[in-house]
Every structure is written in structure tokens, then in C-alpha cells.
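When you read off a place in the sequence shown, starting at 1, and then add 765, the result is the number in the numbering used here.
As C-alpha cells, the structure follows; a few thoughts come after it.
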Amino acid sequence: AKADVHVVVDGTFAPPPLQRPLLLGVDAVMHATTKSLAGHSDALGGAVCVPSAEEAQRLKQDRTALGSTPGSLEVWLLMRSLRTLHLRA
């Protein structure tokens with residue numbers, strides 16, 4: 766019998782380019798955008814990555830219903846920082 770268990774990995778200690786747990790079969794990965802992705806310590810946030818479009822859509826619906834979305838300044842700060850991620854990873 767297959768158990769209904771979800772495996773979620775905390776990606777705090779290594780940036781996304783250095784670890785790829787979705788390729789190993791986990792259900793979700795949580796990344797802190799504050800440190801590894803933003804790089805400037807000026808944006809507070811996080812990201813959840815999932816392997817399928819269906820799961821991403823379900824999470825998007827939950828996020829929309831709950832209102833847990835970042836503000837426009839945080840998104841701009843993160844997008845600015847992602848331009849240099851390849852240099853920092």
C-alpha cells in the first residue's frame with residue numbers, strides 16, 4: 766500500500782543552482798528569497814517550487830485565496846537580484 770506522504774525539502778542552506786531535489790523526486794522545495802536569491806538582505810520572502818503545472822496551479826489558487834503574496838517592492842528587489850544570481854552561485 767502506498768502512503769499519502771509528501772516530501773518537502775528546505776532549500777535554505779544551498780541556493781537553487783547548487784541543489785536540485787525536484788529531480789530526485791521530492792514533492793516541493795522551499796527557498797528563502799531573503800538570502801540566497803536576493804543576495805542583498807533587502808528583500809524578505811520565500812518561494813515554493815513544485816514539479817508539475819497542476820500542483821503549481823493548486824498552490825496559486827491557495828495563495829490567491831489567502832492573500833499571501835509579496836508586495837511590488839519585494840518583487841522588484843528580487844527580480845533585480847536574480848540578474849546576478851549566476852555570479853553569486
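Each residue gets a CB set at the ideal place from its N, CA and C atoms; glycine is no exception.
Could you tell me whether any non-hydrogen atom of the ligand MG is closer than 6 Å to the CB of residue i?
| i | result |
| --- | --- |
| Leu831 | This structure lacks the ligand MG, and indeed carries no ligand of any kind. |
Got a sec? Which residues, its chain only, sit under 8 Å from residue i by beta carbon, not counting five neighbours each side?
| i | result |
| --- | --- |
| Leu842 | Ala803, His805, Asp807 and Ala808 |
Measuring straight from C-alpha to C-alpha, what distance separates residue i and residue j?
| i | j | result |
| --- | --- | --- |
| Cys814 | Val794 | 5 Å |
| Asp775 | Gln826 | 22 Å |
Bridge partners for residue i per DSSP, in chain order?
| i | result |
| --- | --- |
| Ala793 | Val773 |
| Ala812 | His796 |
What's the call for residue i, buried or exposed, on a 16-neighbour Cβ count within 10 Å?
| i | result |
| --- | --- |
| Thr777 | exposed |
| Thr829 | exposed |
| Ala798 | What sits at residue 798 in the sequence shown is Thr, not Ala. It is buried - the Cβ of Thr798 has at least 16 other Cβ atoms within 10 Å. |
| His796 | buried |
Going along the chain, which residues of its own chain have a beta-carbon closer than 7 Å to the beta-carbon of residue i, five neighbours each way excluded?
| i | result |
| --- | --- |
| Gln784 | Gly776 |
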